[in-house]
Structure formats: C-alpha cells, structure tokens
Amino acid sequence: MRKMIFITVTSLFLYSDFIDSESPVDILPAEVVSVSPVEIRLNENDKLIIPADLIVVPKRLRPGEEEALNTGESVMVVSLKGGQSFFILDKI
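When we follow the working numbering, the leftmost residue of the sequence shown carries the number -19, and every step to the right adds one.
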C-alpha cells in the first residue's frame, strides 16, 4: 500500500510540473496572404507577414495538390517559441 501512495504522490508532482511548464510551441490562427511564395499573417498581429522561408507547408496543401492553399483562407499554425519556424497544420 505504501508504494502505491508514493507512486500516486510522485505522479501528482510530475503532472503538476507538466501543467505549470511553458509549452515549447504556440498554436495560432492565421490567414494566407500569398500562395506563391506562401506567406501568412497571424491573426494576433495583422501587420506582421511571415515569409515563405520560415513556413513549412504540408504536401497536401502545396500548389498543384487537390487541397492547395488559396489567398484569404484561414489556417491553423504551430509556431516554435521565438517564432523562428511556422508549421501550417490545416485549413480552418
């Protein structure tokens, strides 16, 4: 019984640390500004245009594919902390 309580308390501490820790990524809505080259504008900052060299686009959303991105579409983006890379997850 003692081992089970110890494991439970330890698990609670680990879970608490996980919840309190800062996420290494942000999930943000954005708008496609250009498709060739792809550029996006984050909804939280309408003056900042993210250039193509910082964006990773899934193959299915690239030009020539059935689900290719179009100018004006809304997308969900994952940003690494510091904003050095942006990954387009999907259209929204």
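Quick reminder that beta carbons are idealized off the backbone N, C-alpha and C, glycines included.
Is arginine 40 helix, strand or coil when you go by DSSP?
Arginine 40 falls in the helix class under three-state DSSP.
Can you give me the C-alpha to C-alpha distance between valine 55 and leucine 22, rounded to a whole angstrom?
Straight-line Cα distance between these residues: approximately 9 Å.
Mind checking which residues open and close the beta strand (DSSP E) that includes aspartate 70?
Note, aspartate 70: beta strand (DSSP E), 66 to 71.
When the distance is taken between beta carbons, is isoleucine 68 closer than 9 Å to leucine 49?
Yes, Cβ-Cβ distance for leucine 49 and isoleucine 68 is below 9 Å.
Does DSSP put alanine 32 in a helix, in a strand, or in coil?
Alanine 32 falls in the helix class under three-state DSSP.
Buried or exposed for alanine 32, going by 16 or more other Cβ atoms inside 10 Å?
Under this definition alanine 32 is an exposed residue.
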